Structures are given as structure tokens and as C-alpha cells.
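Per this note's numbering, the sequence shown runs over residues 18 to 134. Taking it in order: structure first as C-alpha cells, then the write-up.
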Amino acid sequence: MAAMHATRRYIEAMPDSHVVVKIDYKNAFNSLRRDLMLQSVASAVPGIYRFCHLSYSQSSILKFESRTILSQEGPHQGDPLGPLLFCLSIHQHLLCLKSELIAGFMDDLTLGAQPGQ
18 MAAMHATRRY IEAMPDSHVV VKIDYKNAFN SLRRDLMLQS VASAVPGIYR
68 FCHLSYSQSS ILKFESRTIL SQEGPHQGDP LGPLLFCLSI HQHLLCLKSE
118 LIAGFMDDLT LGAQPGQ
């Protein structure tokens, strides 16, 4: 709710030369490299690293009829830690942005700035 109000206030006050971009990543959670996801956990929340390492250091084996599929990216479907693992993984990238407005919830991001920044 706060992000929505901040975005609305930014749009109402922004100069004509500024833009607002809304980004909704398609299949964002499944796009995470697990090695980078684990590095993010190790640096930000080391207390859960061992648990996450047990879950994600190797490919998961999925069976469909007679086929075997290796799940190698992103958190497991339905993992309650999935949203945290995603947010930890993109957090450092968001900190590097130079936008005047950076608002986000999971894989939905809103950025506002003068083009070229």
C-alpha cells in the first residue's frame, strides 16, 4: 500500500521530462540461478544457509510418467521460503539503481526517473 501511494505522489509531482516504468517479470522465480540465490542467502541470512543449501545445492529430480526432468533453477514450487529467496537475490541489484523512485513487491517493480539515468 505504501508503494502504491509513493508511486502516485511521484507521478503527480514529476516533471514532464520524467517517466515511470512498471516491470512485471515473467516467470521470475524460475529464472533465478540457484548458485547466486544461495550466495545471497549466505551473505544476507547466514542462519538459514545450511537449510537452503540442502534444498538447492543440487538439481531436484522430477518424475513425469517414464521421464525424468531435472529442476535446476529457482525455488521449488510452493516453497514457503521462495518469496524470500527471490527478494534476497534481486536486492543487491535494486540497490544499484539510480532511479528516483524504486518501488517493488516481489517481481513487480516500478521505477521513476528522468530517461538516461
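Idealized CB from N, CA, C, for every residue including glycine. Computed from a predicted model, the values in this text were never measured in an experiment.
Residue i by DSSP, collapsed to three states: which one?
i	result
residue 99	helix
residue 88	strand
residue 111	helix
Counting along the chain, where does the beta strand (DSSP E) carrying residue i start and finish?
i	result
residue 65	Segment: none, residue 65 is in no beta strand (DSSP E) and carries neither H nor E.
residue 60	Not the beta strand (DSSP E): residue 60 falls in the alpha helix (DSSP H), residues 51 to 61.
residue 80	77 to 81
Inspect the beta-carbon positions of residue i and residue j and report whether they are closer than 8 Å.
i	j	result
residue 54	residue 129	no
residue 83	residue 93	no
residue 95	residue 46	no
How far does the alpha helix (DSSP H) with residue i in it extend, from its first residue to its last?
i	result
residue 45	Run containing residue 45: none; DSSP gives neither H nor E here.
residue 29	19 to 30
Between the options, which has its C-alpha nearest residue i's C-alpha?
i	options	result
residue 124	108, 114 and 115	108
residue 126	110, 40 and 34	40
residue 114	103, 101, 49 and 131	131
Going by DSSP, which residues form a beta bridge with residue i?
i	result
residue 133	According to DSSP, which records beta bridges pairwise, residue 133 is partnered with nothing at all.
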